[in-house]
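Each residue of the sequence shown is one higher than the last, beginning at 1 in this note's numbering. Glycine is no exception: its CB is placed at the ideal position from the N, C-alpha and C atoms. These notes concern the structure reproduced below.
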Amino acid sequence: MTPPEGTAHRPPFPVGWFAVAALDEVPVGELMPLAAFGRDLAVGSAPGGRALVTDSVCPHLGADLAAGGRIDDGQVVCPLHGWCFSHAGSCVSSGAEPLTAAIRLRVWPTEVVGATVLAFNGRDGEVPAVGPPDLASTGGVDDRVERCEGHAEDVVVGLLLAAGVADGTASGDRWLANGSDGSTVIVHGPGTVEHRHPGGTTDVVYVTPVDGFAVQVRSAGTAAVTAAASDGPVSGAVGTLPGFRVWYRRFDSSSAPRPRPVRSGRRNRSDAPAG
Ligand code: FES
């Protein structure tokens, strides 16, 4: 089957902040499995309240950190040999073996917004240039979680269409539009849709890529707009709201500067000794 025009080569995992769990479902002091961004991850919260998302595979010998791994206010502890990693990912305890800086646990930038845990999907080790979405209201706790087939862009477009959005305006990492009922719809980055209703209530819907074929849709608030996801408008949304789609492609790649490649071999002229 020929992919719809303009959709053939979209990266499945845009760069930005995405909701990964409700805070009240995340274990304290432990790690639980999490599937997002095409990877097996682990999520937990430290006793002090900080949430943390990590790769689930221990960089020592590959144990599953989501199966018995512990998390405290300072460290993540592997269940197999007890190696410990800081919340920044560096190995801080390796039993009888010497510490090596080369062994690092990938830790994903993680923040809590309202009652929702968000992780930043970027290049390995990348620090996000901006924080998580700044919402007028978080809409309360996540009260509905669904899995939908399709690309995150198409699912977000489906949500916009369900809100009666015909067009909008880009403003940096936000895209603003009016709904058909006089509401205001704001898309924050690639994964958060805020729907402010005329009566003062707010829905927040989070769209998170899971495995390249499907997304998870989490909603908080009155959640009227989530009908778009459950009613399956994903394929029908392809080709609609072209201006929004152009804006959304800004998240296909990181806006952060790439680190300079490490040179090998001959030194630069300026590095060479004089004479
Ligand atoms: S496999 Fe994790 S410490 Fe050995």
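Quick check: does the Cβ of Gly44 come within less than 7 angstroms of any heavy atom belonging to the ligand FES? no
May I have all residues whose beta carbon comes closer than 7 angstroms to any heavy atom of the ligand FES, sorted in chain order? Cys58, His60, Leu61, Gly62, Ala63, Cys78, Leu80, His81, Gly82, Trp83
Pro242 lies in the alpha helix (DSSP H); which residues open and close that run? 242-248
Can you list, in chain order, the residues of its chain with a C-beta nearer than 6 angstroms to that of Pro27? Leave out the 5 residues immediately preceding and following it. Gly44
Start and end residues, alpha helix (DSSP H) containing Val43: Note, Val43: premise wrong, no alpha helix (DSSP H); beta strand (DSSP E) at 39-45.
Quick check: the Cα distance between Val107 and Thr201, rounded to an integer number of angstroms? 35 angstroms
With a cut-off of 8 angstroms, do at least 3 Cβ pairs link the stretch 94-102 to the stretch 185-192? no
Report yes or no: do the stretch 165-179 and the stretch 141-153 share at least 3 C-beta pairs separated by less than 8 angstroms? no
If you measure from the CB of Gln75, is any heavy atom of the ligand ADP nearer than 7 angstroms? This structure does not include the ligand ADP; its bound ligands are the ligand FES.
In terms of alpha-carbon separation, which member of Gly221, Gly89, Thr208 lies closest to His197? Gly221
Quick one: residues in its chain with C-beta nearer than 6 angstroms to the C-beta of Asp40, no 5 flanking neighbours on either side, listed in chain order? Ser56
Between which residues of its own chain and His60 is the CB-CB distance below 7 angstroms, once the five residues before and five after are set aside? Cys78, His81, Trp83, Ile103
What is the rounded straight-line gap between the Cα of Thr54 and the Cα of Asp64? 11 angstroms
Output yes or no for whether 8 angstroms exceeds the beta carbon distance between Phe13 and Asn121. yes
Just confirm the distance between the C-beta atoms of Ala46 and Asp72, as a whole number of angstroms; I'd bet it's less than 8 angstroms. 6 angstroms
Arg70 and Gly29 closer than 8 angstroms at C-beta: yes
Could you have a look at Phe251 and say whether DSSP puts it in helix, strand or coil? helix
Residue environment, Thr208, which counts as buried when at least 16 other CB atoms sit within 10 Å: buried
Among Gly38, Leu176, Arg10, Gln75, which residue has its Cα nearest to the Cα of Gly31? The sequence as given places Leu at residue 31; Gly does not occur at that position. Closest option to Leu31, Cα to Cα, is Gln75.
Report the rounded CA-to-CA distance for Val117 versus Gly199, giving the unit in angstroms. 27 angstroms
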